[in-house]
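Residue numbers (the numbering used here): 73 to 591.
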């Protein structure tokens, strides 16, 4: 794996080298060596933090510590429906855990994200990624951490030792909870953690709601928020704009037109554009899951339909409906309307499985295809021309305010000739996060600079509204810290307890000290 070099943000940071570790003991040795040499370590789980910096450090002069070889499920023999916890190392990926559960315990699933199959579970959770069932931070507990002093700390009841019956079952421990110090921070290197698994429910369906009129978006968000609070929608609710929907489906639609209908690349692109007008005519569409027993799901869908029918069109999506729909429309694909729907179903299938706990590379393959990469291997995204920046504000769960912020951010982006690809994720009962990205051609320097100017202005706009991102890119850490230096100085005081030499990821969610000197 090539780490610490070019990445999709277009902002690279010089490194002095790459080292690896395959155990907590080896991590400890690397930390001790770094303390002696004064060369900071920048640990990465898989290096695929796409759009936030990948494996690129915040400050130059670091040595990247590659943890992808630490890829064991430590309690593989003990996982069951009665023990739904996986103890994973940082190199364990979504695809690896999914394949393991499918083979050994198919009654269990987990909180999957829209990132690719080869992304790290621990890495994403520690940066507070959001899965289809909720915030990933809620799934992780019982951390094993190597601090900057070389000490190994186990949080919660894991401190009692892995032989304790409480070690992997009770997430809170006794006394102050240290777990949170290692999320979005640089106090230590997490070498393993307990990760909650979830039982599959008797019935799980996806519910899509297409908003008929743009002006009803505030009421739409408020209605979905109430459905979330009352437990009728049992997953995170994703509300995507049309740019996001088209971007997500284009690759699958075009492949269907080429492979199943014999279109060449030029004809397929034109036909795909026409198809999108048929299958994705609305500006805002939501997607969420409803799960439970058959009666619960039926009653929930009836209630959801009744509450939203005046402003949105509801569609229930199941594997069976997709199979039947595809069989019919594919058979009649000579008819343009049927062909458009067959293509949309072909593109939707893997995304539907994603919502039900099966990771996929489709979103990343979309980006590779969009930027003309010669293959669809998701792990090559950083090597492609794709430029990707995430700007992700946290918002209160208030439809009116969310829409004002969305409109304001779109106006900022338009001044920089950018389109915003947006998903508003209702992830808790009181808040949502807007996952927003810019796309640009990283091979064109002017496009890189324009995208970053746009991202900077979006951050300024966000802060002008009293808001902050819920997750930050490596290249924006200095701006994050500069806005509230007193708070981050307090964070640094805690940092000195765990990492007095500041040799673990300097500048990551903290003051940028390097080689013992303030930068």
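No residue lacks a Cβ here, since even glycine has one placed at the ideal position from N, Cα and C.
Short Cβ contact (8 Å threshold) for residue i with residue j
| i | j | result |
| --- | --- | --- |
| residue 280 | residue 410 | no |
| residue 131 | residue 582 | no |
| residue 465 | residue 484 | no |
| residue 415 | residue 278 | no |
| residue 321 | residue 419 | yes |
| residue 229 | residue 247 | no |
| residue 313 | residue 481 | no |
| residue 181 | residue 108 | no |
| residue 205 | residue 270 | yes |
| residue 543 | residue 200 | yes |
| residue 297 | residue 498 | yes |
| residue 261 | residue 129 | no |
| residue 436 | residue 530 | no |
| residue 306 | residue 241 | no |
Distance, residue j Cα to residue i Cα
| i | j | result |
| --- | --- | --- |
| residue 95 | residue 379 | 53 Å |
| residue 317 | residue 399 | 23 Å |
| residue 512 | residue 458 | 6 Å |
| residue 112 | residue 231 | 27 Å |
| residue 576 | residue 135 | 10 Å |
| residue 565 | residue 534 | 28 Å |
| residue 210 | residue 364 | 21 Å |
| residue 192 | residue 143 | 9 Å |
| residue 325 | residue 556 | 46 Å |
| residue 91 | residue 100 | 13 Å |
| residue 236 | residue 461 | 44 Å |
| residue 397 | residue 407 | 15 Å |
| residue 176 | residue 196 | 24 Å |
| residue 515 | residue 442 | 14 Å |
| residue 382 | residue 311 | 17 Å |
| residue 290 | residue 521 | 34 Å |
| residue 87 | residue 454 | 16 Å |
| residue 590 | residue 351 | Its pLDDT being 41, under 50, residue 590 is placed unreliably by the model, and the measurement read from it follows with that caveat. If I take the Cα positions, the gap works out to 54 Å. |
| residue 347 | residue 126 | 34 Å |
| residue 98 | residue 218 | 10 Å |
| residue 586 | residue 239 | Low confidence applies to residue 586: its pLDDT is 46, below 50, so where it sits in the model is not reliable enough to give any reading. |
| residue 285 | residue 355 | 8 Å |
| residue 613 | residue 518 | Since the first residue of the chain shown is 73 and the last is 591, residue 613 is not available in this structure. |
| residue 148 | residue 170 | 13 Å |
| residue 492 | residue 429 | 27 Å |
| residue 233 | residue 227 | 10 Å |
| residue 395 | residue 424 | 12 Å |
| residue 73 | residue 447 | Confidence is the limiting factor: at residue 73 the pLDDT is only 45, short of 50, which leaves the residue's position unreliable and the question unanswerable from this model. |
| residue 337 | residue 560 | 51 Å |
| residue 439 | residue 345 | 17 Å |
Proximity to residue i [Cα-Cα], best of the options
| i | options | result |
| --- | --- | --- |
| residue 323 | 444, 251, 358, 249 | 444 |
| residue 294 | 471, 429, 240 | 471 |
| residue 452 | 577, 115, 120, 92 | 120 |
| residue 366 | 440, 575, 390 | 390 |
| residue 156 | 105, 196, 302, 243 | 243 |
| residue 304 | 370, 540, 449, 213 | 370 |
| residue 554 | 536, 538, 530, 584 | 584 |
| residue 174 | 343, 308, 431 | 431 |
| residue 267 | 216, 463, 116 | 216 |
| residue 331 | 523, 353, 374, 402 | 402 |
| residue 300 | 133, 359, 170 | 359 |
| residue 343 | 356, 357, 327 | 327 |
| residue 488 | 124, 536, 524 | 524 |
| residue 500 | 456, 202, 404 | 202 |
| residue 468 | 446, 436, 435, 505 | 505 |
| residue 102 | 138, 274, 517, 449 | 138 |
| residue 334 | 526, 456, 405, 302 | 405 |
| residue 168 | 145, 253, 178 | 145 |
| residue 510 | 357, 122, 140 | 122 |
| residue 502 | 250, 302, 118 | 302 |
| residue 44 | 353, 559, 287, 274 | The requested residue 44 is not part of the displayed model; the chain covers only 73 to 591. |
beta-carbon residue i near the ligand SAM non-hydrogen atom, thresh 7 Å
| i | result |
| --- | --- |
| residue 385 | Only the bare structure without any ligand can be found here, which leaves the ligand SAM out of the picture. |
Under 8 Å: do the segment 159-169 and the segment 80-88 share three or more Cβ pairs, one atom per stretch? Cβ pair count under 8 Å is below three, so no.
Pairs of beta-carbons, one from the segment 184-200 and one from the segment 221-238, closer than 8 Å: are there three or more? Inter-segment contact for the segment 184-200 and the segment 221-238 is absent: fewer than three beta-carbon pairs are separated by less than 8 Å.
Runs of beta strand (DSSP E) wholly within the segment 257-290 (minimum 3 residues, chain order): As far as the segment 257-290 is concerned, its whole beta strand (DSSP E) runs of at least 3 residues are 260-268, 275-283.
Check whether the segment 558-574 touches the segment 143-153, taking contact to mean three or more Cβ pairs, one atom from each stretch, closer than 8 Å. Because the criterion of three Cβ pairs below 8 Å is not met, the segment 558-574 and the segment 143-153 do not touch.
Any alpha helix (DSSP H) of 4 or more consecutive residues that is wholly inside the segment 440-505: Entirely contained in the segment 440-505, the alpha helix (DSSP H) runs reaching 4 residues are, in chain order, 471-487.
Which residue spans inside the segment 351-407 form an unbroken beta strand (DSSP E) run of at least 3? 356-364, 384-389, all fully within the segment 351-407.
Any chance you could list the alpha helix (DSSP H) runs of at least 4 consecutive residues sitting entirely within the segment 501-586, in chain order? Counting only unbroken stretches of 4 or more residues, the alpha helix (DSSP H) elements lying wholly within the segment 501-586 are 517-536, 549-554, 557-570, in sequence order.
Entirely enclosed beta strand (DSSP E) segments - the segment 146-232, minimum 3 residues: Here the runs fully enclosed are 157-160, 212-219, 224-226.
At 3 residues or longer, what runs of the beta strand (DSSP E) sit wholly inside the segment 87-131? For the segment 87-131, whole beta strand (DSSP E) runs of length 3 or above, ordered along the chain, are 87-92, 113-116.
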